[in-house]
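Working notes, beginning with the structure itself.
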Amino acid sequence: AAYYILKLVDLGTSWVTPYLMARKSEVPACIRRYIVENDGRPGRGGKLITFRGGKVLTDNEKVIQSAEVRAVWQQAGVTVHTSCEYQPWQNPTERYNRSMVESLRAMFARGGAGDYRHWGHLVIQWAHVWNRVSNTRTGPDSSPLQQKYGSRASVAGLRVPLCTAFVNKPKPYREHKLDTQRFNGVHLGNARNQPGYMFEILEGPRKGTIITSTIWQNPPVLSVAACAPRFAPRPHTLPASPRGATRHPR
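Quick note: the sequence shown uses my numbering, first residue 46, plus one each step.
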């Protein structure tokens, strides 16, 4: 289970990378992972991303300012700068935290999940969406993905989180040839390191299991309007009759 989150923001491109942690002692390992995932990789225009000669702005949290964390940044050639005490406005990451919390509130309000146990998956989904839409730093015609890699972002694969879905059931889990080919599940967002979606199974022996799948669809919704005839018969109306006269329908 995740109890903490470490969020790293590239202020040059506005790209957000969150890491979920069970303990605060995992911060140095998450920073090393961030450096490995980005340092020396091709970026916009084919230029290689490098950390050497850069700087990082952090708050005064004891874990962030530990000797082990500073050694990781120093090994990567990064200079550490801190904001003043009790001055969160000096750290731009605080504004990203506010945007993230507002988005999480909207997701939970829409999904109706009162226990908030999927907050970690929704943080990953928030960052996935944030990196593909425009903001005040990137301008209206760009996105963090385009600023970092040079390619335009596509939102075709985005789905609404916390919605019910039919998830493909692999053949090893089908007991009979005529058994159903899907699980009833809830969508938790895009997977981070896999080209698919995250789901929690809601029924059967695998209930509560988190899986990744690429095949799913929303359950059909049956409404009265969908069952109504396409061309409803018009009601029969009679022409107006003169005063004092009586007309009878034929």
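Beta carbons: idealized from backbone N, C-alpha and C, even for Gly.
Between G249 and L203, the alpha-carbon positions lie close to 27 angstroms from each other. In the assembly as shown, G90 is an exposed residue. Its beta-carbon has fewer than 16 other beta-carbons within 10 Å.
By the C-beta criterion, the segment 55-68 is judged to be in contact with the segment 170-186, since at least 3 inter-stretch pairs fall below 8 angstroms. Counting along the chain, the unbroken alpha helix (DSSP H) around L167 starts and ends at 164-175. Remark: fewer than three beta-carbon pairs, one from each stretch, lie closer than 8 angstroms, so the segment 135-143 and the segment 215-226 are not flagged as touching.
Assignment of beta-bridge partners to I255 by DSSP yields E245.
Of the residues assessed, C75 falls on the buried side of the cut-off, its CB having 16 or more other CB atoms within 10 angstroms. Comparing alpha carbon positions, the residue from Q226, T259, T225 closest to N235 is T259.
Per DSSP, the unbroken beta strand (DSSP E) holding N235 starts and ends at 227-235.
The C-beta distance from F228 to V205 rounds to 18 angstroms, too long to fall under 8 angstroms, and the pair is not in contact. The C-beta of A210 has 16 or more other C-beta atoms within 10 Å across all chains shown, which makes the residue buried.
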